[in-house]
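Structure, as structure tokens:
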Amino acid sequence: MNIEPAPPGSWRSPITLDAVFADGLGLSGVSIRGHDIYWLESRVAEGGRSVLVRRDGAGDIRDISAAPMSLRNRTHEYGGGAYALGGSSVYFCNDDDQALYALSLATRQNDLLADTAGMRYADLIVDARRRRLIAVREDHSVDGREALNTVVAIALDEPHAQTVLQQGADFYSSICLSPDGQQLTWLSWMHPNMPWDGTTLWIAGIDSDGALRDPLCVAGGDAESIFQPRFSPRGELVFASDRSGWWNLYRWRDRQIQALHPMEAEFGMPQWVFGLSLYGFDRAGRIVCAFRRRGDSQLATLDCDSGELTEIVTPYRDIGELQVGDGFVVFVGGSPTQAPVLVKLDLASGRIEVLRRASPLQIIEDYVSVPQAIEFPTTGGNTAHAYFYPPRNRDYELPPGVKPPLRVINHGGPTSATTATFNAAVQYWTSRGFAIVDVNYGGSSGYGRAYRQRLNGQWGVVDVDDAVNAARYLVERGLVDGDKLCIKGGSAGGYTTLAALTFRDTFKAGASYYGIGDLETLARDTHKFESRYMDSLVGPYPAMQSLYRERSPIHHTERLSTPLILFQGLKDMVVPPNQSQAMFDAVRAKGVPVAYVSFPNERHGFRALEANQRALSAEFYFYGRVFGFVPADEIEPVAIENL
């Protein structure tokens, strides 16, 4: 085999744009009923349409919902919990009109259940005894008023009357009905908390008329985050809490809270969407759970009475969407050499069956860069975390004395995390000669509450420091070219990118995907769920207006002298398009090389095949112009101002 020396960026790779995105699926919303397994597929080839799929006990897989229906809600803008199984029907939210429908599993007919204008629904559960749905309702019907969130019951019989069961809190989530149907549990929280800051866990009885009685606060508060309350088969309430500094599992029994297995690991995660699930109960009443330790997931069983935790060996380092059936567990798993897959694991034998793959890409080992988990020193004597991907392509090597460019990635959130799961978009870069470092900066989840809270009051400082120090760490070890450092991020990661380019001189180019340039505008314009998020990340607004301006790149473009490309969906309600437009206008006026690529039909996070392909190739083309390499692939040019 001939290995050709060639400069980075010019390598040919079989990981093409079509290979990265074509027929890609987002896998979520897993449910089990008997031996039937249901899930949602967000299909790139269909513009991101979310389709309900079933795999029956005989192994037959087929679509349950048909076009043009798309099972997706926009409660909190991010959605989740968009469908529920009940009897012979599936009840779901449709993306286009946000109305509720009943889909007959026998006839596949869709019947309108609720289309109240301005209403959104999430966390759907079926209360079969009372012939009703229970859901979180978000009311946007009154212009000029903040959306109103409540817990409601929706009658399944005509005329589908809605009754408010719980109100008064700013937010609700995680509704769960006890096995006997006599109790309801839920989470609530108030501004300015986010659900990973502080939530309250409630339980209430249900009267004969369906109303809630005697609501009782079980746990939580402003300094305790509760995650995924569930009733065990014998009716005991189990939940994850970070009261110890880590999201561990607890049981509420005889009105006492008992820790089931204390450990420095995360059995919960930030509730950016509804319906997240990391554990369930097997037929013996044991918990089958996924937990994250030092960034990686593991599967285990936990005996609620003895507290014994028994790990289940799997090839996956990222596990989510977990549901437990009769003798088996279903989850979405990923590994460094495998894109996300929906799998069924037999609890007795450990046998794994792959039900669906998120990507049809046939992975060729010699082109795959396997990430290395790194810890690196950062500001204040702290340690931060990241995954480092060296370039890899069996057909090429770097010329003598040449080191690869480094692309630093900042995840969104910012209270989120990156994982080591195979990502074809990352391999697109590494197989062309780039190195990648994917940073879990201070504020990321998966490393305990204290690590998550490093960002409190320090957004635009700690995250930027960690991105800079990750790059410096790799430069100092001779692994990358210090003169060819670029930085990329989306949403909150886009803000980190813009702040790093504006307030530091480490990077030579950058790409912002629907990023935030003006913190004040975001504080005034963003949606309810995140409207007070920056109270903790920066400080109360407008009381600390001067600090918002100090940390907003848009007010300091005189300090930005680095080439920049911006990407934006024009229907984005989370980070409105005026953010990217303002940054583009300011940087262009300054004479710095800048490009702006917008997508008229995209929202927050791109879903359509064409948009994803265009954004990835445009960013690569942009760096080629800035760093002086010629891509081997033919790429549609991007209009770059001032270059």
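The sequence shown begins at 4 in my numbering and counts up by one. From the three backbone atoms N, C-alpha and C, an ideal C-beta is built for every residue, glycine too.
Supposed contact pair residue j and residue i - C-beta distance, whole angstroms, cut 8 angstroms
| i | j | result |
| --- | --- | --- |
| P11 | P394 | 7 angstroms |
| L88 | Y41 | 7 angstroms |
| L204 | L263 | With a Cβ gap of about 15 angstroms, L204 and L263 do not count as contacting. |
| S623 | P634 | A quick correction: the sequence has Phe, not Ser, at residue 623. With 8 angstroms as the limit, F623 and P634 qualify as a contact, their Cβ atoms being about 6 angstroms apart. |
| G658 | V344 | Nothing in the structure corresponds to residue 658, since the chain is present only between 4 and 646. |
| V411 | A470 | 5 angstroms |
| T340 | V373 | 7 angstroms |
| I35 | L103 | Going by Cβ atoms, the distance from I35 to L103 rounds to 22 angstroms, so no, they are not a contact pair. |
| G288 | Q231 | Contact doesn't hold; Cβ gap of about 17 angstroms is too wide. |
| G60 | D26 | Incorrect: roughly 27 angstroms between the Cβ atoms, too far for contact. |
| G29 | E7 | Wrong, their Cβ atoms sit about 37 angstroms apart, outside the cutoff. |
| R628 | L612 | Incorrect: roughly 25 angstroms between the Cβ atoms, too far for contact. |
| I178 | V154 | 6 angstroms |
Classification of residue i by the beta-carbon crowding that lies within 10 angstroms, buried from 16 upward
| i | result |
| --- | --- |
| N426 | buried |
| D521 | buried |
| S352 | exposed |
| C220 | exposed |
| K487 | buried |
| P417 | buried |
| N152 | buried |
| E149 | exposed |
| D118 | exposed |
Beta-carbon spacing of residue i, residue j below 9 angstroms
| i | j | result |
| --- | --- | --- |
| F242 | R256 | no |
| E227 | G208 | no |
| C489 | L409 | yes |
| I355 | L348 | yes |
| G32 | Y86 | yes |
| G445 | A387 | yes |
| P449 | S539 | According to the sequence shown, residue 449 is Gly rather than Pro. Their beta carbons are not under 9 angstroms apart, which means G449 does not touch S539 by this criterion. |
| V578 | T500 | no |
| A514 | L569 | yes |
| F379 | A503 | no |
| G451 | W249 | yes |
| L108 | V129 | no |
| G572 | G518 | no |
| G415 | G493 | yes |
| A423 | G323 | no |
| E647 | R254 | This structure does not reach residue 647, given that the chain is present from 4 up to 646, and the question cannot be answered. |
| M576 | P556 | no |
| V465 | T382 | yes |
| S244 | G223 | yes |
| S176 | D212 | no |
| L325 | S280 | yes |
| L647 | I64 | In the structure as shown, the chain begins at 4 and stops at 646. Residue 647 is therefore absent and cannot be evaluated. |
| T1 | H559 | A question about residue 1 goes unanswered here, because the residues of the chain that appear run from 4 up to 646. |
| R237 | E269 | no |
| I206 | P218 | yes |
| Y399 | A9 | yes |
| L106 | S53 | no |
| R606 | V47 | no |
| A385 | R457 | The sequence shown places Asn at residue 385, rather than the Ala named in the question. It is a contact, given that the beta carbons lie within the stated cut-off. |
Proximity test, residue i beta-carbon vs the ligand FMN heavy atom, cut-off 8 angstroms
| i | result |
| --- | --- |
| P162 | Ligands displayed in this structure: none; no statement on the ligand FMN is therefore possible. |
Inset, instruction - Check whether the region 612 to 625 touches the region 596 to 603, taking contact to mean three or more Cβ pairs, one atom from each stretch, closer than 8 angstroms. - result: With a cut-off of 8 angstroms, the region 596 to 603 and the region 612 to 625 count as touching, because enough Cβ pairs lie within range.
Inset, instruction - Taking 8 angstroms as the threshold, find out whether the region 115 to 135 comes into contact with the region 154 to 170 through three or more Cβ pairs. - result: Because the criterion of three Cβ pairs below 8 angstroms is met, the region 115 to 135 and the region 154 to 170 touch.
Inset, instruction - Please specify which runs of the alpha helix (DSSP H), each continuous and at least 4 residues long, are wholly inside the region 524 to 586, giving them in chain order. - result: Qualifying alpha helix (DSSP H) stretches, in chain order: 536 to 540, 548 to 553.
Legend entry - Three-pair Cβ contact test at 8 angstroms for the region 384 to 399 versus the region 430 to 440: Below 8 angstroms, enough C-beta pairs join the region 384 to 399 and the region 430 to 440 to call them touching: three or more.
Inset, instruction - May I ask you to verify whether the region 527 to 535 touches the region 504 to 516, counting CB pairs closer than 8 angstroms and requiring at least 3? - result: No: fewer than three Cβ pairs fall under 8 angstroms.
Inset, instruction - Kindly provide the ranges of any beta strand (DSSP E) runs that are 3 or more residues long and lie completely inside the region 268 to 343, ordered along the chain. - result: Entirely contained in the region 268 to 343, the beta strand (DSSP E) runs reaching 3 residues are, in chain order, 282 to 284, 290 to 296, 299 to 305, 312 to 315, 321 to 327, 331 to 338.
Inset, instruction - Evaluate contact between the region 271 to 290 and the region 477 to 485, counting only Cβ atoms and requiring at least three cross-stretch pairs below 8 angstroms. - result: As far as the Cβ criterion goes, the region 271 to 290 does not touch the region 477 to 485, which means the pair count is below three.
Legend entry - Length-filtered (4 minimum) alpha helix (DSSP H) runs lying within the region 379 to 439: Here the runs fully enclosed are 427 to 433.
Inset, instruction - Specify whether the region 292 to 311 and the region 6 to 24 touch according to this definition: at least 3 beta carbon pairs, one from each stretch, less than 8 angstroms apart. - result: The region 292 to 311, when compared against the region 6 to 24, does not touch it at the 8 angstroms Cβ threshold.
Inset, instruction - Tell me, please, whether the region 111 to 124 touches the region 141 to 148 by the rule of three or more beta-carbon pairs shorter than 8 angstroms. - result: Yes, they touch.
Legend entry - Ranges of the beta strand (DSSP E) found wholly within the region 438 to 522, counting only runs of at least 3: Under the rule that a run must span 3 or more residues, the beta strand (DSSP E) segments found entirely inside the region 438 to 522 read 438 to 443, 488 to 493, 512 to 516.
Legend entry - Start-end ranges of the alpha helix (DSSP H) lying completely within the region 611 to 640, minimum 4 residues: With a minimum length of 4 residues, the continuous alpha helix (DSSP H) runs that stay inside the region 611 to 640 are 612 to 630.
Inset, instruction - Mind listing, in chain order, the continuous beta strand (DSSP E) runs of no fewer than 3 residues lying wholly within the region 58 to 96? - result: If we require 3 residues or more, the beta strand (DSSP E) runs fully inside the region 58 to 96 come out as 64 to 66, 86 to 89, 92 to 96.
Legend entry - Whole beta strand (DSSP E) elements within the region 113 to 200, 3-residue minimum: DSSP runs (the beta strand (DSSP E)) wholly in the region 113 to 200: 113 to 117, 122 to 130, 135 to 142, 151 to 158, 165 to 169, 174 to 180, 186 to 192.
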